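As C-alpha cells, the structure follows; a few thoughts come after it.
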Amino acid sequence: MLHWETVAPPSSEEIRDLPGGPLPPELAGVLVARGYATPEVIAGFLDPAAYHPALPHELPDLERAVSLLRAVVEQQGHILVWGDFDVDGQTATAMLVEALRQLGLKATFTIPDRQRESHGLHLRTLRPLLEGEQPDLLLVCDTGSAHTEAVAYAKAQGVPVIIADHHALPPELPPADALVNPLRLEDESHPLASLSGAGVTYLLLQALFTALGKPGHAQAFLDLVALGLVADVVPLVKDTRYLLQLGLRALRKTVRPGILALCHQQGLNPAVIGARDIGFSLAPLLNAFGRLGSADKGVELLLTRDRIQAQIMAQEADRLNRQRKMLTDQVTRSAEEMIERDSTLLDWEALVLFSPNWHSGIIGIAAARLADKYHKPVALLALDEDGNARGSVRSVAGYQISTALAELDDILAGYGGHALAGGLRAAAEHVPLLRRRLSDALANTYQPVAHTLEIAGEIDLGRLTVDFAYQVQRLAPFGEANPEPVFVVRDIEVVSVAKIGKQNQHRRITIQDREGRRQRVLWWNSASEPPLEGRFDLAYTVGLSHFHDPPELQIVLQAWRQIEQPAPDPTAVAEIVDLRGSDISAVDPILSSGERHAVWAEGYAERQSPGTPLSRLEEADVLIVLTAPPASQYLQEALQATRPQRVVLLAAPPPIGDLNAFVQTLAGLGETIRNHHQGQTTLSRLRERLAVTEKLVQTGLHYIAARRGFSLEIGARGKVTLDTESPGASTLNEEALLQTLRAQWDEMAAYRRYIQRVPLENLLE
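Here it is in C-alpha cells:
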C-alpha cells in the first residue's frame, strides 16, 4: 500500500534571498527534505548562474584524453568515433563528430546494430573498420568500459583508444589509453558522478576546446547534451542538473534542423520545450532509429544542416516509432500469455521469458511495462542471428541489475547496464539456468524500499493558479532524483469525466470541493482504472500546458484515497440510436421533432453541407453524427462540445472516398487559398472541409508543396501559409511523403470501418 508522507516546511528564515524571490513554504520544504538545506545551496539549485560546477579535469583520465586528441588535431588526422544506439549515444556521437570536423579533422562514426550486435565494442565489426579506415585514434562514447578484447585489438594495431563512458566498470578495466568514466571517481557523491554519456562527452569537448584556446566553444553542443541527459534517465542532481538547465536553455533556441523537424513532427513549440517533452516525445523518435532501423540515421539527423532532409528523416522516425508501439504491444501480450499458461514463472525473483519470435529492438520497453505491472525485475530474451538468447533486463526499486549481472559472468557471453536496467547475452539453452541464477543474484542485492508518496503540502483548489504553477516550475527540470512535487487536496468529488487521447487512453476529470470550487484534472493512461467515486483525497502535480497561448494550468492526478463511498447513482448514460447503414433521410423525424439538435457533418463545401463542422458545434440535446469521424479523438471532442442526452449514429462515408481524390481536392483548395485568401488558412479548416485528420492534412500539404514547387509554412497553432513566390521544397522527399500519406489514410479508413461495426455499448468508452 502506498503511504502518503507530508514534508514539513522549513522556517521562513531558510527561504530568504533566493534567485527569483522567496519560494512558497511547501516548495522550500521539498528542497530541504531532498538535502538542499541552506539558502546558498537552494540558490545553486534554482539558478545555474549561482551554481559552482566541478572542473572537467576532475574526471579520471580526462587530461590524458585531451592530450591525445590535441595530438591528432595538430596533425589534422582521422578519428573514428564509436557510439551507441540509444539517444545518449546518438547525441554523444553527434557532438564528437561535429566538433572534430569543426577542428579540421576527418571524423567518421559507427554505431552497432542493435539487433545483430547489441551494446558495446564488437571485434568482428571493429577489425574491418580499422583495416579499411586506418584511423589515427579510436574514440568510444557511451560504451566501451567493459570491452577489453576489442580495445586490446585496437591497441595491438597501433591505434590509441579513448573511452568516454558512464556505464558499469568490470573488475579488470580495458587497456584504453584514457578511460573517462565518472564511476572511476573515488567519491560516489562527487558532483560529476551521475553524468550520462552525453554529459561526459560534453566535458571532454569543453576541456579540449579550452586547451585549444577556444573556451566556450563547446556551448554550441548544449542542446544535444539536454537530449542525452533526459533520455538516459540519470539522476538530475549537482552538475548533471546544472548541465541540463543550461542545455534546456540552449534547446529552446536551437537552430539545428534535425531537432526542429522532430519538434514539428510532434507538434512541440521549441521555445518552451521541457524535460518531459524530451522524454515522452523527442527521445522515442530518435530511439526508434536504433530499435527498428539504423541509429546512424539518428546521428545524421542531429548533424544535418539541410531542412528538407531533416523533415524527411523526422517523418521516418515518426513512422518507425508508430511501428515500435505496435510491436511493443504484441510482445507484451505474448509475454502475458506465457504467464497465463504457466503462472509459476511469477514465483521467481526475476521474471525471465524467452521467445525466438520477438523483435530484439523493442523487448526492453516491453520488459519495463511488465516490471511495472508485476513489481519485480523482468528479463525478456529474443534469438539473435548467432542462435544466442539476447535481451534486456528492467527492474524496480530495491534491486541492483548491474551488480546481479556481474555475478553471472560465467554463464553470460556479454552484459552491461545500470542499477535498474541492463542487457545480456547467453546461450539459448542456458535460459532456465539464467532464470535461477539471475533470481538468486537479484535476491542477494535486494534492499526493501518503502513505497512512500512524498506530499509537499496541502494546496486547496483556491490556490491552484497559473502563478503557483510558475513557482513550481522553478524546481524544474524534473526527472530521476528530482521528481515533481506532489500536493494534496482533501474531501472532493467528481463532477464530470471525459475520455481523451487517440485511443481514449486518458481521462479528463472535473473535481469539486465542499465550497463548490472546481478544477480540471488529467489522469494519464487511466482507461483501465476503476472510476473515481464518492468523496476522496487527491494527490496531484501542478504544471503548465503550452498548447495554448498564454500557458494554462495543468493538474495531473498521481494517487487518490477514498474517504466516503459513493451513494447509489441511478443516472443513465446517454442513449445511442443506431442508424448506421441508413439513408440520410432517416434523421428527418429527429430534425422536425423540435428537440434541440446538432448535426455534425464534414467533407462538404459550406453552402452544400447538410450539417455543421466540429469547430462550430454547440450544446444540444441530440447529436447526429452524420459523417463518420476520421479518428476517435474528434468524436470525443464533438461529445464534449455538445454534451448530448442522445447520440444518433449514421456515420455515413464522407464525400471524399479515396486518397487520390483527397490529394486532388487539397491541391485545388491550395490554389484557391493562394489566389483568393492571401495564401493563408488553418489546418483545422482544411481538416473539416476534407473530413480527415489534421495530421493527414499536414502531410498532404507537404506532399503537394514538394510536387508543385511552392513554399509551405505551418505555424505552432496550425496556421497555414502557402506562397508561390518563394522557392519551393525539393522533390527528393515526394516518395517518403507519399508513403506517409498512404499509411495515415489507411489508419483513418481502418477507424471508419471500425466505427461501422463496433457494438454500441463500446462506442463511447
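Residues in the sequence shown are numbered from 1 upward in steps of one, following our numbering. The beta carbon of each residue, even a glycine, is placed where N, CA and C say it ideally should be. None of these values were measured; they are calculated from a predicted model.
Have a look at residue i and residue j and give me their C-alpha separation to the nearest angstrom.
i: residue 577; j: residue 377; result: 48 Å
i: residue 308; j: residue 314; result: 10 Å
i: residue 184; j: residue 334; result: 41 Å
i: residue 428; j: residue 387; result: 7 Å
i: residue 324; j: residue 452; result: 33 Å
i: residue 336; j: residue 346; result: 11 Å
i: residue 748; j: residue 358; result: 28 Å
i: residue 728; j: residue 737; result: With a pLDDT of only 49 at residue 728, under the threshold of 50, the placement of this residue in the model should not be trusted, and no figure is reported.
i: residue 3; j: residue 339; result: 30 Å
i: residue 328; j: residue 121; result: 27 Å
i: residue 20; j: residue 158; result: 55 Å
i: residue 610; j: residue 714; result: 30 Å
i: residue 511; j: residue 266; result: 30 Å
i: residue 756; j: residue 694; result: 22 Å
i: residue 606; j: residue 370; result: 50 Å
i: residue 476; j: residue 273; result: 12 Å
i: residue 702; j: residue 712; result: 7 Å
i: residue 191; j: residue 55; result: 10 Å
i: residue 293; j: residue 299; result: 12 Å
i: residue 766; j: residue 471; result: There is simply no residue 766 to check, as the chain begins at 1 and stops at 765 in what is shown.
i: residue 354; j: residue 442; result: 19 Å
i: residue 751; j: residue 744; result: 11 Å
i: residue 216; j: residue 207; result: 10 Å
i: residue 601; j: residue 625; result: 7 Å
i: residue 493; j: residue 461; result: 12 Å
i: residue 141; j: residue 491; result: 52 Å
Between the Cα of residue i and the Cα atoms of the options, which residue gives the shortest distance?
i: residue 34; options: 8, 255, 54; result: 8
i: residue 722; options: 733, 697, 680, 706; result: 680
i: residue 770; options: 655, 245, 246, 69; result: Nothing about residue 770 can be reported from this structure: the residues present for the chain run from 1 to 765 only.
i: residue 651; options: 579, 669, 640; result: 579
i: residue 417; options: 103, 170, 129, 221; result: 170
i: residue 167; options: 493, 152, 234, 191; result: 234
i: residue 762; options: 310, 503, 240, 103; result: 503
i: residue 575; options: 513, 581, 625, 645; result: 645
i: residue 604; options: 530, 593, 685; result: 685
i: residue 348; options: 440, 322, 385; result: 440
Would you mind stating whether residue i and residue j have Cβ atoms separated by less than 8 Å?
i: residue 237; j: residue 279; result: no
i: residue 522; j: residue 506; result: yes
i: residue 275; j: residue 479; result: yes
i: residue 807; j: residue 396; result: Nothing in the structure corresponds to residue 807, since the chain is present only between 1 and 765.
i: residue 640; j: residue 527; result: no
i: residue 401; j: residue 381; result: no
i: residue 96; j: residue 139; result: yes
i: residue 93; j: residue 79; result: no
i: residue 435; j: residue 352; result: yes
i: residue 288; j: residue 317; result: yes
i: residue 622; j: residue 663; result: no
i: residue 404; j: residue 438; result: yes
i: residue 249; j: residue 270; result: no
i: residue 42; j: residue 18; result: yes
i: residue 283; j: residue 227; result: yes
i: residue 628; j: residue 642; result: no
i: residue 180; j: residue 107; result: no
i: residue 152; j: residue 135; result: no
i: residue 734; j: residue 707; result: yes
i: residue 256; j: residue 232; result: no
i: residue 361; j: residue 291; result: yes
i: residue 177; j: residue 200; result: no
What does DSSP give as the partner residues of residue i in its beta bridges?
i: residue 714; result: 720
i: residue 523; result: 507
i: residue 575; result: 646
i: residue 674; result: According to DSSP, which records beta bridges pairwise, residue 674 is partnered with nothing at all.
i: residue 537; result: 561
i: residue 735; result: Beta-bridge pairing links residue 735 to no other residue.
i: residue 487; result: 457, 540
i: residue 518; result: 512
Is the closest heavy atom of the ligand NAD to the C-beta of residue i under 7 Å?
i: residue 486; result: Annotation note on the ligand NAD: not contained in the displayed structure, which lists no ligands.
- Message: For the structure I just gave you, are there three or more beta carbon pairs, one from the region 537–546 and one from the region 608–628, closer than 8 Å?
- Response: no
- Would the region 69–84 and the region 44–55 be scored as touching if the rule is three or more Cβ pairs under 8 Å? no
- Message: I'd like to know if the region 112–126 and the region 259–271 are in contact, where contact means that at least 3 CB-CB pairs between them fall below 8 Å.
- Response: no
- Three CB pairs or more closer than 8 Å across the region 381–401 and the region 417–432: yes
- Counting Cβ pairs, one atom from each stretch, are 3 or more of them under 8 Å apart for the region 481–491 and the region 453–466? yes
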